[in-house]
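Below you'll find the structure, written out as structure tokens, and then a few comments.
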Amino acid sequence: MRQDHLITATQLSRDDIEAVLDRARAVADDPAAYADRHAGRVLALCFFEPSTRTRMSFDSAAKRLGMNTIDMGDVDSSSVSKGESLSDTVRVIEGYADALVLRHPSEGAATLAGERVDVPVVNAGDGAGQHPSQTLLDLHTIREDHGLDDLTIGVMGDLKYGRTVHSLAAALTEFDANQHFISPESLRLPRSVRFDLHETGAQIREHDDLEPVLDELDVLYVTRIQKERFPDENEYHRVAGEYQIDAETLADAPDDLTVMHPLPRVDEIAPDVDETDHARYFEQAHNGIPVRMALLDTLLENANPDGDKETEV
Ligand code: CP
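With positions in the sequence shown counted from 1, the corresponding number in this note's numbering is that position plus 3.
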């Protein structure tokens, strides 16, 4: 991967994805080999929206590479609350850090940040836009179970506002994947995402119900209805709870079906699924460590081509 920033999954070629995932596998197999690779470097965590997994796994991943981290903290306790622009904020923070992870409620925020600063920027979620580092750990999880070619995946839930869906769907076009999208009519993929998928020649189909496609699937990727993105709360309540699975739903599923979820979940996957052999969402979240280590290592290597690191994947 020869990129300065990771802003969108659409910028990733198959080779880029496989290089990061190969490196993630190497990290997972021998984490000690990576322990001091970026000693003395600093990662800035800039989260303008809540996060548990992304913020903490980037923090942990950086520290496992020997880095220190600095955290902007809550928006209310930063100078954003005084009216500072995103552009000024990131231009200041790039002077404090060697790379920057940004989550923001506005689509395009990471693109803007990437244009303003010279250190690597990772888009950790921009509104309903993209969440490409989540996609890398999703692909790592899928690859470990099924490989990435000749894959049939069902993506269910909030396809309109779900940024993990938009990134994953784009990345899967680099592979030989059949993609089934299952949602209520009002939460179908945005027109622009569907257009981009069609442009690549991707095999996609849209459905109201899971049941007709369940027995074809290798992976069922369930997402939360993104309540915080609905302009009208009544509209959220009309669709909330419509797409839920439990152990009974999966009774006739293929034995090797992998059930994933970017988390957090609300009620779309019942706790009894956790006890089935299908559940992979906690491992998926844990895969954030080797994958984000591999990603940071790659971006920092690109930014410092004359650095002293030796491992090439
Ligand atoms: N999957 C994910 O992005 O989780 P967080 O919102 O907790 O970071």
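Every residue gets a Cβ at the ideal spot worked out from N, C-alpha and C, and that includes glycine.
Source: prediction; values computed, not measured.
Item, Value
"Beta-bridge pairing of MET263 - partner residues as DSSP gives them", "TYR224"
"Residues bridged to ASN181 (per DSSP)", "THR155, GLN206"
"Inter-residue spacing [alpha-carbon to alpha-carbon] between MET70 and THR252", "44 Å"
"Inter-residue Cα distance where the pair is GLY76 and GLN137", "21 Å"
"Segments assigned alpha helix (DSSP H), at least 4 residues, entirely inside the segment 95–136", "112–119"
"Spatial distance of LEU190 from VAL158 (CA atoms)", "12 Å"
"Pairwise C-alpha distance: ASP74 and LEU48", "5 Å"
"Contact shell at 5 Å, judged by CB to any heavy atom of the ligand CP, ordered along the chain", "SER54, THR55, ARG56, THR57, PRO265"
"Own chain partners of ARG119 with C-beta closer than 7 Å, once the 5 adjacent residues on each side are dropped", "SER90, VAL93, ARG94"
"Which of helix, strand or coil DSSP assigns to LEU48", "strand"
"ILE248 versus GLN229: straight-line alpha-carbon distance, rounded", "17 Å"
"Three-way DSSP call (helix, strand, coil) for ASN71 in this model", "strand"
"According to DSSP, residues forming a beta bridge with ASP248", "Note on residue identity: the sequence assigns Ile, not Asp, to residue 248. Its beta-bridge partners are ILE272."
"Sequence-distant residues of the same chain with beta carbon closer than 7 Å to SER81, five excluded per side", "MET75"
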